[in-house]
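> So the protein sequences, as listed, match chains A and B.
Residue 14 is where the first sequence starts when you use the numbering used here, and the numbers rise one by one after that.
Residue 14 is where the second sequence starts when you use the numbering used here, and the numbers rise one by one after that.
For each residue, glycine too, the CB sits at the ideal point set by N, CA and C.
The structure follows.
Protein chains: 2
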Amino acid sequence: MSYFDAASAAPLHPVARQALTASLDEGWADPARLYREGRRARLLLDAAREAAAEAVGCRPDELAFTSSGTRAVHSAIAGALAGRRRTGSHLVVSAVEHSSVLHAAEAHEAGGGTVSRVPVGRTGAVDPSGYAAALRPDTALACLQSANHEVGTEQPVAEVAAACRAAGVPLLVDAAQSLGWGRVAGDWSLLTASAHKWGGPAGVGLLVVRKGVRFAPQGPADERESGRAAGFPDIPAIVAAAASLRAVRAGAAEEAARLRELTERIRARVPGLVADVEVVGDPVRRLPGIVTFSCLYADGETLLHELDRAGFSVSSGSSCTSSTLTPSHVLRAMGVLSEGNVRVSLPVGAAQEDVERFLAVLPDAVAAVRGKLGAPGSTAAVGEDAPAADVLVAESPTVEDLSADSPAAGDSAVDDSAAEALVVDALGKRCPIPVIELAKVIGTVPVGATVHVLADDEAARLDVPAWCEMRGQEYVGEEPADRGSAYVVRRLA
Amino acid sequence: MSYFDAASAAPLHPVARQALTASLDEGWADPARLYREGRRARLLLDAAREAAAEAVGCRPDELAFTSSGTRAVHSAIAGALAGRRRTGSHLVVSAVEHSSVLHAAEAHEAGGGTVSRVPVGRTGAVDPSGYAAALRPDTALACLQSANHEVGTEQPVAEVAAACRAAGVPLLVDAAQSLGWGRVAGDWSLLTASAHKWGGPAGVGLLVVRKGVRFAPQGPADERESGRAAGFPDIPAIVAAAASLRAVRAGAAEEAARLRELTERIRARVPGLVADVEVVGDPVRRLPGIVTFSCLYADGETLLHELDRAGFSVSSGSSCTSSTLTPSHVLRAMGVLSEGNVRVSLPVGAAQEDVERFLAVLPDAVAAVRGKLGAPGSTAAVGEDAPAADVLVAESPTVEDLSADSPAAGDSAVDDSAAEALVVDALGKRCPIPVIELAKVIGTVPVGATVHVLADDEAARLDVPAWCEMRGQEYVGEEPADRGSAYVVRRLA
Numbered sequence: 014m015s016y017f018d019a020a021s022a023a024p025l026h027p028v029a030r031q032a033l034t035a036s037l038d039e040g041w042a043d044p045a046r047l048y049r050e051g052r053r054a055r056l057l058l059d060a061a062r063e064a065a066a067e068a069v070g071c072r073p074d075e076l077a078f079t080s081s082g083t084r085a086v087h088s089a090i091a092g093a094l095a096g097r098r099r100t101g102s103h104l105v106v107s108a109v110e111h112s113s114v115l116h117a118a119e120a121h122e123a124g125g126g127t128v129s130r131v132p133v134g135r136t137g138a139v140d141p142s143g144y145a146a147a148l149r150p151d152t153a154l155a156c157l158q159s160a161n162h163e164v165g166t167e168q169p170v171a172e173v174a175a176a177c178r179a180a181g182v183p184l185l186v187d188a189a190q191s192l193g194w195g196r197v198a199g200d201w202s203l204l205t206a207s208a209h210k211w212g213g214p215a216g217v218g219l220l221v222v223r224k225g226v227r228f229a230p231q232g233p234a235d236e237r238e239s240g241r242a243a244g245f246p247d248i249p250a251i252v253a254a255a256a257s258l259r260a261v262r263a264g265a266a267e268e269a270a271r272l273r274e275l276t277e278r279i280r281a282r283v284p285g286l287v288a289d290v291e292v293v294g295d296p297v298r299r300l301p302g303i304v305t306f307s308c309l310y311a312d313g314e315t316l317l318h319e320l321d322r323a324g325f326s327v328s329s330g331s332s333c334t335s336s337t338l339t340p341s342h343v344l345r346a347m348g349v350l351s352e353g354n355v356r357v358s359l360p361v362g363a364a365q366e367d368v369e370r371f372l373a374v375l376p377d378a379v380a381a382v383r384g385k386l387g388a389p390g391s392t393a394a395v396g397e398d399a400p401a402a403d404v405l406v407a408e409s410p411t412v413e414d415l416s417a418d419s420p421a422a423g424d425s426a427v428d429d430s431a432a433e434a435l436v437v438d439a440l441g442k443r444c445p446i447p448v449i450e451l452a453k454v455i456g457t458v459p460v461g462a463t464v465h466v467l468a469d470d471e472a473a474r475l476d477v478p479a480w481c482e483m484r485g486q487e488y489v490g491e492e493p494a495d496r497g498s499a500y501v502v503r504r505l506a
Numbered sequence: 014m015s016y017f018d019a020a021s022a023a024p025l026h027p028v029a030r031q032a033l034t035a036s037l038d039e040g041w042a043d044p045a046r047l048y049r050e051g052r053r054a055r056l057l058l059d060a061a062r063e064a065a066a067e068a069v070g071c072r073p074d075e076l077a078f079t080s081s082g083t084r085a086v087h088s089a090i091a092g093a094l095a096g097r098r099r100t101g102s103h104l105v106v107s108a109v110e111h112s113s114v115l116h117a118a119e120a121h122e123a124g125g126g127t128v129s130r131v132p133v134g135r136t137g138a139v140d141p142s143g144y145a146a147a148l149r150p151d152t153a154l155a156c157l158q159s160a161n162h163e164v165g166t167e168q169p170v171a172e173v174a175a176a177c178r179a180a181g182v183p184l185l186v187d188a189a190q191s192l193g194w195g196r197v198a199g200d201w202s203l204l205t206a207s208a209h210k211w212g213g214p215a216g217v218g219l220l221v222v223r224k225g226v227r228f229a230p231q232g233p234a235d236e237r238e239s240g241r242a243a244g245f246p247d248i249p250a251i252v253a254a255a256a257s258l259r260a261v262r263a264g265a266a267e268e269a270a271r272l273r274e275l276t277e278r279i280r281a282r283v284p285g286l287v288a289d290v291e292v293v294g295d296p297v298r299r300l301p302g303i304v305t306f307s308c309l310y311a312d313g314e315t316l317l318h319e320l321d322r323a324g325f326s327v328s329s330g331s332s333c334t335s336s337t338l339t340p341s342h343v344l345r346a347m348g349v350l351s352e353g354n355v356r357v358s359l360p361v362g363a364a365q366e367d368v369e370r371f372l373a374v375l376p377d378a379v380a381a382v383r384g385k386l387g388a389p390g391s392t393a394a395v396g397e398d399a400p401a402a403d404v405l406v407a408e409s410p411t412v413e414d415l416s417a418d419s420p421a422a423g424d425s426a427v428d429d430s431a432a433e434a435l436v437v438d439a440l441g442k443r444c445p446i447p448v449i450e451l452a453k454v455i456g457t458v459p460v461g462a463t464v465h466v467l468a469d470d471e472a473a474r475l476d477v478p479a480w481c482e483m484r485g486q487e488y489v490g491e492e493p494a495d496r497g498s499a500y501v502v503r504r505l506a
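Put into structure tokens, the structure is as follows:
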């Protein structure tokens, strides 16, 4: 079994395990107490804080341990916004932040604040000047991740920090994905991180607030951690977090180069191994261990299942995965294909032979999914999976002439070529069925004619244009329909 | 070294340690993921939830794991108040709740809500009818601890729950101190607990919300734990928490009886071993492992230090301990002496011989503190501590005739006997100096005459009346003064 989902959670680093078990006997007492057990716990906590602060590049009294990276983000945003309430209630975030940042932004909006979401380019990075343009006189806080958790793209943090500094706005950097690799460059004001991303235990986050940054902790008062993280601290976990951060940092440069070579191998070879693949994210300015690609005519959940059966644990930003029916907000903001999306995030120590084995099994896994869905170019599914494929085929959408009573039929706004258009009714069908049906019929209409894809799956809005770009067809646009939308595609070739 | 502060944090139970280390390899992945590592983590989390729910006596889907007991309390109060916002914004708490509850109540007040604090009797328990009387038509939530964390007194939870049920008000029970001993009786609506109180690891709290209770989680959205506990869960710690709860419950009846005998021994013998001691809390309706007493003419911090040197780790609700200059709110609400306060809270497995040794060293420890302070009846300090005592004596307050220019001297409202009163100027002196000086001079005024103790230490408000009750003198009352207050005592004997 190869675990390639380190961006979700890294396996516990051996140093973390050792530090955790070693401090269970010394770290359980209340560090605020004056007796021996309390003093011992305090010593452990102080040492961990110094080690973590050194790794971050801040003063120990600027760093608080929280109960998770999510808590660190929530506390940081709430505290920084409240601390600058007199300046205004405008918050700036990038469109591709982690959900903890975006949910905190939504909570801020629900409370009457305003939020600007800075768009990203096709690689997933914000443009520094675009980010700077979003800053206003009433901006209380700006947030930018150090690197994206889904595609690995590094953000121009130093440039954005300089722009924020010039505008007098504090910048919060969510460094969850990058802190194990190195300090965050630039003149940021607040920083958050999460230990289980670098091989520390779950249950430990970092919240750094630079001296001089206005900060008013929210929620009920609590004297722990300078009032910034309520609740009794889990000192053994904190010790393990700090020790493992130091350990991964010690080998970071060498391991980063090694993992970068492995992910470069995936980036370079996947398009040759699997047809109709889009590798997404910045090819150069990126984290060492993350590579993400999307496969046309495949659905993410089934693909994850096939890869799991083949011994690989990866994640997906596709819709139709267990917890969501919408594609990842990151892929949407980038405007890239979300179908059959696979994120490979290699843990420290990932073996080259496992990466090779992944490349060996990937083509069959994708082919199996495409076969089940009856995708263009796939061979018929055989064996135990055949019945499922039959069912899907039986349920596949119908193709009708425009003269039939489809919602778009009577639309007088349809242009001349609409007379030769086809309507693909994919209402009620989930990604990637709408695109598969589009691909099946595009060759049946004359060059210059259009196909209207009726769909109510959110993913179609992203995937139909992405398909057009990949296949050299023209995406005309989206038209309203009685149910869902009509995505209009013109055949160019 | 004997650790007698289990009510702060219990040492890690062997079963917790075993479960924690055993699940480090299986419990680190994201339980929301579909691949093998995620499924394993989910299985561990589900099993822990079932075990914890069985121990609480609730359905698994009513129980969420939080990152601490404090977080559980904060989330429970905020969520329950928001869920019943349409009913009103009145919150009822007892005056002796844990600070996490009281701080949440203060935050509620700061946000515009109203709070009633139900007083307690001298044993620390609320009166059920008094609690019921605090419920109003606009009461959104009521909170009551299962047992008090400082004095061990059990609260009449079942009776209060019945009153709340009759009034249609949900009752939140903070079961932090009692859950290891057994389920909470009565028809409560919400319950919170903290694993490190029963020997589980830090970093795990329980938040139980009964089906049908209106609850609206506050703060940014997060899909974890039914939306009730944001952040990636620390599954190894959760597994350890559940396993140790099960383990301590298995031996709870036998261990409770054993510890009760040990604390009963302390309750019974301390008054004979140390003069001028008040044992506080309910002698019968109490937790098995907690006993609390206060020593006249002693200060808590120095006493803790003496006991630490003698090998005992205990805590104190006195003022003048490291983190606070006010006596514990619990002792204040009970109206008992806060001077020289010692809480002994025995961990599971505490040895009888350690308790005997504690009783053996206690008299000398108290005598040493009293000697340093020059307390009545104490012998002069000798040896290495003498210089400190000299300094304190040199700084002791001055006793003046009322004819001197003390603030009370010109007060025309002073009654006839004031002509024979003394003024003790203890301004700027910390507990227990004001009471020590009072004790020194009370014999110098005629029976029927008064002593005015001028003090600006918050503890005097509690300790002067408590001293009067213990010594058979009359506490006349408190009068305003230019600085601090004048506490008026009449000599009766």
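Taking 9 Å as the threshold (C-beta atoms), are Val361 of chain A and Gly212 of chain A in contact?
Here residue 212 of chain A refers to the residue found at position 199 of the first sequence. Here residue 361 of chain A refers to the residue found at position 348 of the first sequence. Contact: yes.
> I'd like the span of the alpha helix (DSSP H) that includes Ile449 of chain A, first residue to last.
Taking the first residue of the first sequence as 1, we reach residue 449 of chain A at position 436. Run containing Ile449 of chain A: Ile446 to Ile455, per the alpha helix (DSSP H) assignment.
> With DSSP run on the structure shown, which of helix, strand or coil describes Arg345 of chain B?
The residue labelled residue 345 of chain B in the question sits at position 332 within the second sequence. Residue state, collapsed to three classes: helix.
> Please identify, using Cβ separations under 7 Å, the residues of the segment 44 to 59 of chain B that lie next to chain A, in order along the chain.
Ala45, Arg46, Leu47, Tyr48, Arg49 and Glu50
> Which residues of chain B have a Cβ atom closer than 9 Å to the Cβ of His162 of chain A, listed in chain order?
As a working note, residue 162 of chain A is residue 149 in the first sequence. Here the premise fails: no neighbours, minimum Cβ distance about 12 Å.
> In chain A, which residues lie with their C-beta within 9 Å of the C-beta of Met483 of chain B?
In the second sequence, residue 483 of chain B corresponds to position 470, counting from 1. Those do not exist, as Met483 of chain B stays about 27 Å from chain A at its closest Cβ, beyond 9 Å.
> CA-CA distance, Ala85 of chain B and Glu63 of chain A?
To locate residue 85 of chain B, count along the second sequence from 1; it is residue 72. To locate residue 63 of chain A, count along the first sequence from 1; it is residue 50. One C-alpha to the other measures close to 29 Å.
> Anything in chain A within Cβ reach of Leu25 of chain B, meaning under 8 Å, just list it in chain order.
To locate residue 25 of chain B, count along the second sequence from 1; it is residue 12. Near Leu25 of chain B (Cβ distances below 8 Å), the residues of chain A are Leu37, Asp38 and Trp41.
> Can you check which of these residues, A:Leu359, A:Gln365 and A:Ile251, is closest to Arg30 of chain A by C-alpha distance?
Within the first sequence, the letter at position 17 stands for residue 30 of chain A. Arg30 of chain A has its Cα closest to that of A:Ile251, out of A:Leu359, A:Gln365 and A:Ile251.
> Using a Cβ-Cβ distance cut-off of 9 Å, determine whether Asp377 of chain A contacts chain B.
Working through the first sequence from its first residue, we reach residue 377 of chain A at position 364. Interface residue (Cβ-Cβ distance to chain B less than 9 Å): Asp377 of chain A is not classified as such.
> For Ile279 of chain A, return the contacting residues in chain B, with the cut-off set at a CB-CB distance below 8 Å.
As a working note, residue 279 of chain A is residue 266 in the first sequence. Going along chain B, no residue has its Cβ under 8 Å from Ile279 of chain A, so there is no contact; the nearest lies around 18 Å.
> So, does the CB of Thr136 of chain B fall closer than 9 Å to a CB anywhere in chain A?
Mapped onto the second sequence, residue 136 of chain B falls at position 123. Answer no: the Cβ-Cβ gap between Thr136 of chain B and chain A never drops below 9 Å.
> From the DSSP output, in three-state form, read off Glu110 of chain B for me.
In the second sequence, the residue the question calls residue 110 of chain B occupies position 97. Coil, per DSSP.
> Would you identify the three-state DSSP class for Tyr144 of chain A, choosing helix, strand or coil?
Indexing the first sequence from 1 puts residue 144 of chain A at position 131. Residue state, collapsed to three classes: helix.
> Taking Leu264 of chain B as the reference, give the member of B:Ala19, B:Arg503 and B:His26 with the closest Cα.
What you label residue 264 of chain B is simply residue 251 of the second sequence in a count that begins at 1. Looking at the sequence itself, residue 264 of chain B is Gly, so the reference to Leu does not match. Residue B:His26 is the option with its Cα nearest to Gly264 of chain B.
> Given a cut-off of 9 Å, decide if Tyr144 of chain B and Ala176 of chain B are closer than it, judged by their beta-carbon atoms.
For the purposes of this step, residue 176 of chain B is identified with residue 163 of the second sequence, where counting begins at 1. For the purposes of this step, residue 144 of chain B is identified with residue 131 of the second sequence, where counting begins at 1. When the beta-carbon positions are compared, Ala176 of chain B and Tyr144 of chain B come within less than 9 Å of each other.
> Relative to the C-alpha of Met14 of chain B, which residue among B:Ala479, B:Pro493, B:Leu435 and B:Phe371 is closest?
On the second sequence, position 1 is the one that residue 14 of chain B refers to. The residue with the shortest Cα to Cα distance from Met14 of chain B is B:Phe371.
> Indicate whether the contact test is met: 3 or more Cβ pairs, each with one atom in the segment 304 to 324 of chain B and one in the segment 350 to 368 of chain B, closer than 8 Å.
yes
> In chain D, which residues lie less than 8 Å from Ala234 of chain B when you measure between Cβ atoms?
The chain labelled as chain D is not found among the protein chains of the depicted structure, namely A and B.
> Does the Cβ of Lys224 of chain A have 16 or more other Cβ atoms within 10 Å, making it buried, or fewer, making it exposed?
Start at 1 with the first residue of the first sequence, and residue 224 of chain A comes out as number 211. Its Cβ having fewer than 16 others within 10 Å, Lys224 of chain A is exposed.
> How big is the Cα-Cα spacing for Gln365 of chain B and Ile248 of chain A?
In the second sequence, counting from the first residue as 1, residue 365 of chain B sits at position 352. In the first sequence, counting from the first residue as 1, residue 248 of chain A sits at position 235. Cα to Cα, the separation comes out at about 30 Å.
> Assuming contact is defined by CB atoms lying nearer than 9 Å, are Arg259 of chain B and Val28 of chain B in contact in what I supplied?
Numbered from its first residue, the second sequence carries residue 259 of chain B at position 246. Numbered from its first residue, the second sequence carries residue 28 of chain B at position 15. Yes. Within cutoff.
> Where DSSP assigns a beta bridge to Ala468 of chain A, which residues make up the other side?
Within the first sequence, numbered from 1, the residue matching residue 468 of chain A stands at position 455. Answer by DSSP bridge pairing, in chain order: A:Ser498.
> Tell me the rounded alpha-carbon separation between Ala93 of chain B and Ser81 of chain B.
Against the second sequence, residue 93 of chain B aligns to sequence position 80. Against the second sequence, residue 81 of chain B aligns to sequence position 68. Rounded to the nearest angstrom, the two C-alpha atoms are 18 Å apart.
> For Asp38 of chain B, does the three-state DSSP call read helix, strand or coil?
Taking the second sequence and counting its residues from 1, one reaches residue 38 of chain B at position 25. Coil.
> Hey, Ala189 of chain B and Ser207 of chain B are a contact pair by Cβ (cut 8 Å); roughly how many whole angstroms apart?
Here the question's residue 189 of chain B lines up with position 176 in the second sequence. Here the question's residue 207 of chain B lines up with position 194 in the second sequence. Contact flag correct, Cβ pair sits at about 5 Å.
> Is Ala421 of chain A buried or exposed, if buried means 16 or more other CB atoms sit within 10 Å of its CB?
Residue mapping note: residue 421 of chain A aligns to position 408 of the first sequence, counting from 1. In this prediction, Ala421 of chain A has a pLDDT of 42, which is less than 50 and means its spatial position is unreliable; nothing more can be read from the coordinates.
> Would you list the residues sitting across from His103 of chain A in a DSSP beta bridge?
The residue given as residue 103 of chain A occupies position 90 in the first sequence. Answer is A:Thr127 and A:Thr152.
> Please classify Pro493 of chain B: does DSSP put it in a helix, a strand, or coil?
Residue numbering aside, residue 493 of chain B sits at position 480 when the second sequence is read from its first letter. Here Pro493 of chain B sits in strand by DSSP.
> Can you tell me where the alpha helix (DSSP H) with Val304 of chain A in it begins and where it stops?
Your numbering for residue 304 of chain A matches position 291 in the first sequence. Per DSSP, Val304 of chain A belongs to no alpha helix (DSSP H); it is in the beta strand (DSSP E), Ile303 to Cys308.
> With a floor of 4 residues, list each alpha helix (DSSP H) that falls wholly inside the segment 258 to 299 of chain B, ordered by position along the chain.
With a minimum length of 4 residues, the continuous alpha helix (DSSP H) runs that stay inside the segment 258 to 299 of chain B are 265 to 286.
> Going along the chain, which residues of its own chain have a beta-carbon closer than 8 Å to the beta-carbon of Ser102 of chain A, five neighbours each way excluded?
Working through the first sequence from its first residue, we reach residue 102 of chain A at position 89. Excluding residues within five positions, the ones whose Cβ falls inside 8 Å are Leu94, His121, Gly125, Gly126, Thr127, Asp151 and Ala153.
> Answer yes or no: do Ala243 of chain B and Asp235 of chain B have a C-beta to C-beta separation smaller than 9 Å?
Mapped onto the second sequence, residue 243 of chain B falls at position 230. Mapped onto the second sequence, residue 235 of chain B falls at position 222. It is a contact, given that the beta carbons lie within the stated cut-off.
> Give me the Cα-Cα distance between Val139 of chain B and Asp295 of chain B, rounded to the nearest whole angstrom.
Here residue 139 of chain B is taken as the residue at index 126 of the second sequence, counted from 1. Here residue 295 of chain B is taken as the residue at index 282 of the second sequence, counted from 1. Looking at the two C-alpha atoms, the distance is approximately 12 Å.
> For Gln168 of chain A, name the three-state secondary structure that DSSP assigns.
On the first sequence, position 155 is the one that residue 168 of chain A refers to. It is coil, neither helix nor strand.
> Which whole-angstrom value describes the C-beta separation of Arg130 of chain B and Val106 of chain B, a residue pair presumed to lie in contact below a C-beta threshold of 8 Å?
Position 117 of the second sequence, counted from the start, is the residue given in the question as residue 130 of chain B. Position 93 of the second sequence, counted from the start, is the residue given in the question as residue 106 of chain B. The pair is a contact, with the Cβ atoms about 6 Å apart (cut-off 8 Å).
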